[in-house]
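Q: Going down the list, the sequences are from chains R and U.
At position 161 of the first sequence the residue is numbered 160 (numbering that gives the first Met the number 0), and the sequence of numbers has no breaks.
At position 318 of the second sequence the residue is numbered 317 (numbering that gives the first Met the number 0), and the sequence of numbers has no breaks.
Ideal Cβ placement from N, Cα and C applies to all residues, glycine included.
Number of protein chains: 2
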Amino acid sequence: MPSPAAASASVRIHDVARVAGVSLVTVSRAVNHPEQLAPETLARVRAAIDALGYVPNLNAGSLATRRSGIVGAIVPTVANAVFSETVEALTQGLGAAGYQLLLGQSGYRDADEAALVETFLGRRVEGLVLTGTGQAPALLQRICAAGVALVQTWDLDEAPVDMQVGFDNRAAGAVVATHLLGRGHRRLGVIGADEPRSRQRLAGFRQAVEADGTGSMVEAALMPAPAQPDDVGSALQALIDRAPGLQAVFCTNDLLAAALLFECQRRGWAVPQRLAVVGMGDMALARATWPRLTTLRIHGQRIGEQAGQMLLARLRGGEAAGPSTRRVDVGAVLVERDSG
Amino acid sequence: MPSPAAASASVRIHDVARVAGVSLVTVSRAVNHPEQLAPETLARVRAAIDALGYVPNLNAGSLATRRSGIVGAIVPTVANAVFSETVEALTQGLGAAGYQLLLGQSGYRDADEAALVETFLGRRVEGLVLTGTGQAPALLQRICAAGVALVQTWDLDEAPVDMQVGFDNRAAGAVVATHLLGRGHRRLGVIGADEPRSRQRLAGFRQAVEADGTGSMVEAALMPAPAQPDDVGSALQALIDRAPGLQAVFCTNDLLAAALLFECQRRGWAVPQRLAVVGMGDMALARATWPRLTTLRIHGQRIGEQAGQMLLARLRGGEAAGPSTRRVDVGAVLVERDSG
DNA sequence: CTGAAAGCGCTAACAC
DNA sequence: GTGTTAGCGCTTTCAG
Chain R
0 MPSPAAASAS VRIHDVARVA GVSLVTVSRA VNHPEQLAPE TLARVRAAID
50 ALGYVPNLNA GSLATRRSGI VGAIVPTVAN AVFSETVEAL TQGLGAAGYQ
100 LLLGQSGYRD ADEAALVETF LGRRVEGLVL TGTGQAPALL QRICAAGVAL
150 VQTWDLDEAP VDMQVGFDNR AAGAVVATHL LGRGHRRLGV IGADEPRSRQ
200 RLAGFRQAVE ADGTGSMVEA ALMPAPAQPD DVGSALQALI DRAPGLQAVF
250 CTNDLLAAAL LFECQRRGWA VPQRLAVVGM GDMALARATW PRLTTLRIHG
300 QRIGEQAGQM LLARLRGGEA AGPSTRRVDV GAVLVERDSG
Chain U
0 MPSPAAASAS VRIHDVARVA GVSLVTVSRA VNHPEQLAPE TLARVRAAID
50 ALGYVPNLNA GSLATRRSGI VGAIVPTVAN AVFSETVEAL TQGLGAAGYQ
100 LLLGQSGYRD ADEAALVETF LGRRVEGLVL TGTGQAPALL QRICAAGVAL
150 VQTWDLDEAP VDMQVGFDNR AAGAVVATHL LGRGHRRLGV IGADEPRSRQ
200 RLAGFRQAVE ADGTGSMVEA ALMPAPAQPD DVGSALQALI DRAPGLQAVF
250 CTNDLLAAAL LFECQRRGWA VPQRLAVVGM GDMALARATW PRLTTLRIHG
300 QRIGEQAGQM LLARLRGGEA AGPSTRRVDV GAVLVERDSG
């Protein structure tokens, strides 16, 4: 194959034009609106492009077009299966439509998230995907004021600023509690990370238990986010210290639940007889544990796909697009398997 | 707090200048070189910036500066713990230095990777992080020709085009084989994804077994990438069908190994007595399994950090920076725990 | 179907 | 210290 000229970094549209013997605009059209050119001209331009190894400068294009073709996404950390699934789906959906994904990680720190939003706005992202709904109102206003399409994920609000895809975390916690209560468990525990969404699930869980009126109790062990599987052992111990007769534990993600399953094995505790275990996420591993993991299914991937679609619909429709879908509940259903 | 004007999207440096009663450049300097301004002027400009909710257009800045402040990274999928750790560390390191990360996922498809590289070059990324070393020479040349700093990760080559951070996958496979052989196992298996790096590990594994001369055998079950934990059951079955007396299995990532541990439990097989299990990665879960997982430790995070550092060193040093470090072996050491 | 002119929003020399 | 003058590389109108 013909090797392109070495200095492709500095090849500008101008150079291509000269080599092809056409004007600047014609090259631009060859790249962006090939159908507007005479086949013969097009071929000549294309040949020049290949020969020179020309790579159009998309930033310059963005400036002229006033459309960056970039969408930003901020997650607490991508090193957490639930979020990485979302990011993966998002990247895919947007990529297929020609958008690029600028990724940011907040590390669960609000200040970092705000700083990232600022930079992303500077990049003139056309859309922004945030995790959670707890952002400062001023920040959200800033985003909207900038005319940037916004999707908040993994949680749902009463009055969304713009769009949301997620589920009701409180309700999710309640569903699990109800399930456990229904199985006759009275001494319940929750293991998770100390971050907003886990806290909400815990709140919902507690509320359901109180509403139940059987006098059941719930102990929680929330560890600093991000929660790691190898902390589960001590979390369980902490729970037991406070509630010796612990009968069931809800882990706010499947990886923690898997670790708990192993921990039970280590202790020689039969699951679910001695201790019932429920996870959350229904990731592939949940289908591979033994006993098979009962878990609250959250389709992290679905959240990403949905967020991508909503964003694209909005971006394509332009500002004109009506209120469209503002709030999508991807739901959270309990998948009863064998662990609890 | 004073709410910034609504139309911040369209606030340009020009507007700020007018409001602050200074010229265009002064505003630019207030943003980029505040130390060059008289304190009083600076304060006035900043006030105007806040009042208008001005967000500098970084794309325009990039165009003028010829420095995008963007680094691109392409991984097969971020929904795989090993890569997400790398991406996380990378984002962090680059972010701290003011760079943004443009993320791409190849889905293990070479064509997609090439297309992404093309787009990233169009965005004028200053650096590029790729996964693996198997890219087409033409593609690599194109990157270098564009003057973009390149780091290939997760694998090592004899003659790196630019920089590399990884480890020797063949050697890694051999280390595990040797370990297993040393424990007296003769009928070995490998479970992993059918992708370049796993194949190399398998090759190294096989080679070590043959070199051993004990007449040991190895069966492999490589599934289509990305490998999912819930496919491990059938993979094991396939292995057993071909090698009934199977004694040990090497899984090319910890999640698969954890799934295999559960599968053994399901079958009532004692680990490591009936079947020895070795993982790879040493992710947090490996420290939380029971029995505790023997695994080949790969510091995915370290790869990301290192790649980030090398990139930054190069970018800061400019082209002038000498050959610096071109090739970093993060190593792969076997962590002997209890599973095999 | 093709070209010429006028920016997109910002920064880097140079002057003052 | 601050302003003026030129672009960065590309995409539009608008003519022809």
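Quick check: is the beta carbon of D229/U nearer than 9 Å to any beta carbon in chain R?
A: At least one chain R Cβ lies under 9 Å of D229/U.
Q: Closer than 9 Å, Cβ to any Cβ of chain R: which residues of the region 94-113 of chain U, in chain order?
A: Cβ contacts with chain R come from G94, G97, Q99, L100, L101, L102, G103, Q104, G106, D111.
Q: Excluding the 5 residues flanking A47/R on each side, which residues of the same chain have their C-beta closer than 6 Å to its C-beta?
A: Closer than 6 Å at the Cβ level, and outside the excluded window around A47/R, lie V15, V18, A19.
Q: Among R265/R, E117/R, Q227/R, which has the Cα closest to the Cα of N56/U?
A: That would be E117/R, whose Cα lies nearest to the Cα of N56/U.
Q: Looking at the unbroken beta strand (DSSP E) that takes in R186/R, where does it start and where does it end?
A: First-last of the beta strand (DSSP E) with R186/R: 186-192.
Q: What's the call for D161/U, buried or exposed, on a 16-neighbour Cβ count within 10 Å?
A: It counts as buried.
Q: Comparing C-alpha positions only, which one of D211/R, A210/R, T251/R, V150/R sits nearest to A220/R?
A: Selected option, being the one with the closest Cα: T251/R.
Q: Taking 8 Å as the limit between beta carbons, can you name the residues of its chain near S253/R, skipping five residues before and five after?
A: For the record, residue 253/R in the displayed sequence is Asp; it is not Ser. Contacts found: A80, G278, M279, G280, D281, M282, L284, A285, L292, T294.
Q: Taking the straight line between their C-alpha atoms, what separation do you get for P228/R and V248/R?
A: Roughly 14 Å between the two C-alpha positions.
Q: Note down, in chain order, all residues in the region 36-68 of chain R with a beta-carbon under 7 Å from any beta-carbon belonging to chain U.
A: Per Cβ criterion, the list reads G52, V54, P55, N56, L57, N58, A59, S61, L62, S67.
Q: Do E304/R and T76/U count as a contact pair if the criterion is CB distance below 9 Å?
A: Contact: no.
Q: Hey, does P33/R have any beta-carbon neighbour from chain U nearer than 9 Å?
A: For P33/R, the answer is no, since every Cβ of chain U falls outside 9 Å of its Cβ.
Q: Give the interface partners of E84/R over in chain U, defined as CB-CB distance under 9 Å, in chain order.
A: Those within 9 Å of E84/R in chain U are V77, A78.
Q: Which whole-angstrom value describes the C-beta separation of L149/U and L129/U, a residue pair presumed to lie in contact below a C-beta threshold of 8 Å?
A: About 7 Å separates the two Cβ atoms, so the contact holds.
Q: Check the DSSP bridge columns for V128/U and list the partner residues they point to.
A: Answer by DSSP bridge pairing, in chain order: A72/U, V150/U.
Q: I need the straight-line Cα distance from R336/U to T152/U, nearest angstrom please.
A: The alpha-carbon atoms of R336/U and T152/U are separated by roughly 27 Å.
Q: Is it buried or exposed for E125/U, if we count other Cβ within 10 angstroms and need 16 for buried?
A: Answer is buried; the Cβ neighbour count reaches 16.
Q: How big is the Cα-Cα spacing for V384/R and L187/R?
A: One cannot answer for residue 384/R here, as it falls past the ends of chain R, which runs 0 to 339.
Q: What is the DSSP secondary structure of L333/U, reduced to helix, strand or coil?
A: Correct three-state label for L333/U: strand.
Q: Assuming Q264/U and W268/R are in contact, meaning their beta carbons sit under 8 Å apart, how far apart are those beta carbons, in whole angstroms?
A: Their Cβ separation, rounded to whole angstroms, is 13 Å, which puts Q264/U and W268/R out of contact at 8 Å.
Q: Is it the case that the Cβ atoms of L100/U and G94/U are separated by a distance below 9 Å?
A: Cβ distance < 9 Å, so L100/U and G94/U count as in contact.
Q: Residues of chain U with a CB under 7 Å from the CB of L254/R: which are they?
A: Result: L284.
Q: Once you ignore the five residues that flank R45/U on each side, which residues in its own chain have a CB closer than 8 Å to its CB?
A: The answer, listed in chain order, is A29.
Q: Can you round the beta-carbon distance between G203/U and R169/U to whole angstroms, since I take them to be within the 8 Å contact cut?
A: At roughly 3 Å, the Cβ-Cβ gap stays under 8 Å, so G203/U and R169/U are in contact.
Q: Within 9 Å (strictly less), CB to CB, does F261/R reach chain U?
A: Yes, its Cβ sits closer than 9 Å to a Cβ of chain U.
Q: Excluding the 5 residues flanking P1/R on each side, which residues of the same chain have their C-beta closer than 6 Å to its C-beta?
A: Confidence is the limiting factor: at P1/R the pLDDT is only 39, short of 50, which leaves the residue's position unreliable, though a coordinate-based value still follows. Hits under 6 Å: none found.
Q: Starting from F204/U, follow the alpha helix (DSSP H) in both directions and report where the run begins and ends.
A: Run containing F204/U: 195-211, per the alpha helix (DSSP H) assignment.
Q: For the beta strand (DSSP E) holding A220/U, just list the boundary residues, first then last.
A: It spans 216-222 - the beta strand (DSSP E) in which A220/U sits, taken as one unbroken run.
Q: What would DSSP say about Q236/U, mapped onto helix, strand or coil?
A: Residue state, collapsed to three classes: helix.
Q: Give the straight-line distance between the Cα atoms of A4/U and A113/R, rounded to the nearest whole angstrom.
A: Since pLDDT at A4/U reaches only 41, below the 50 mark, its modelled position is unreliable, and the value read off the structure follows with that caveat. Distance between the alpha carbons of A4/U and A113/R: 18 Å.
Q: Taking the alpha-carbon of G52/R as reference, which of V10/R, V332/R, F119/R, T177/R has the nearest alpha-carbon?
A: Residue V10/R is the option with its Cα nearest to G52/R.
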